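Colleague: Residue numbers for the sequence shown follow numbering that gives the first Met the number 0, so the first one is 0 and each next one is one higher.
C-beta atoms are modelled at their ideal positions from N, C-alpha and C, and glycine is treated no differently.
Everything numeric in this text was worked out from a predicted model, so none of it was measured.
Please see the structure below; I have some questions.
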Amino acid sequence: MNVFITDAHFLMGHTHHTAGKPCQDYAFASASENDAYAIVSDGCSRGGLTDVGSRIIVLSSAKAIEGSSGLNDKFGPEQITLVRREAIKQASITLGLTQSDMLATCLYIYLNSEGGFIQIEGDGVVAFKYRNGNLKMIRFDWEDNTPFYPAYAENPQAFIYTHGNDLTVNRLSKQTWARKSTEAFE
């Protein structure tokens, strides 16, 4: 019997559809008896082939999670990032992709019976639904819609340049919303 169940879904935005542009989002999820994960990536519309970059980021993250989970006590976002970074580098070389093709966010969650973690690279929203029905959402946004994409790890100077060479202002914001379940009061 599986303890975890996962699902993933993404849609092409209306303006992309009407302009004949590709969907730049990608999602993937997997579950087994022992663990589960879900990954979402959103490509930057001002980037290059970010529809391809988004898929590479998601699929290389999935391979990093599958190849790393349960192997050692150091398993976590840092190890996943290192494994994924090498896969992205190799895919970029093989496919002739540039950094602008890889400008896509990456948000993932990993769970097992002992706990788990959420990693946000770029921007995004995380929603928690508690057993009592309460909801909590946390939204992370970067100023000027220019997040620190995972691709910038290979060339941080490009991120600094994108922000006008001025990183002294607070560029990342966080908003939190909560809603109590009506069931919690009955």
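1. Once you ignore the five residues that flank F139 on each side, which residues in its own chain have a CB closer than 7 Å to its CB?
2. Alpha carbon to alpha carbon, what distance is there between R130 and T97?
3. According to the neighbour-count rule (16 or more other Cβ atoms, all chains shown, within 10 Å of its Cβ), is M178 buried or exposed?
4. Quick one: is L48 buried, meaning 16 or more other Cβ sit within 10 Å of its Cβ, or exposed?
5. Taking all protein chains shown into account, decide if R45 is buried (16 or more other Cβ within 10 angstroms of its Cβ) or exposed.
6. Among the candidates K62, M136, S67 and A157, whose CA atom is the shortest distance from the CA of T145?
7. Report the CB separation of I108 from A30 in whole angstroms; it is logged as a contact under 8 Å.
8. Within 10 Å of its beta-carbon, does L81 have 16 or more other beta-carbons around it, so buried, or fewer, so exposed?
9. Measure the C-alpha to C-alpha separation of W176 and C43 and round it to an integer number of angstroms.
10. Let me check one thing: in DSSP terms, what residues is G47 bridge-paired to?
11. What does the alpha-carbon distance come out to for the pair A63 and G12?
12. By Cβ distance below 8 Å, which residues in the same chain neighbour R54 in space, the five residues on each side in sequence not counted?
Modeller: Taking the definition as stated:
1. I119, D122, G123, L171 and K173
2. 44 Å
3. The question names Met, but residue 178 is Arg in the sequence shown. Flag for R178 reads exposed.
4. buried
5. exposed
6. A157
7. Their Cβ separation, rounded to whole angstroms, is 12 Å, which puts I108 and A30 out of contact at 8 Å.
8. exposed
9. 25 Å
10. Paired residues: none, contrary to the question.
11. 29 Å
12. Y25 and S40
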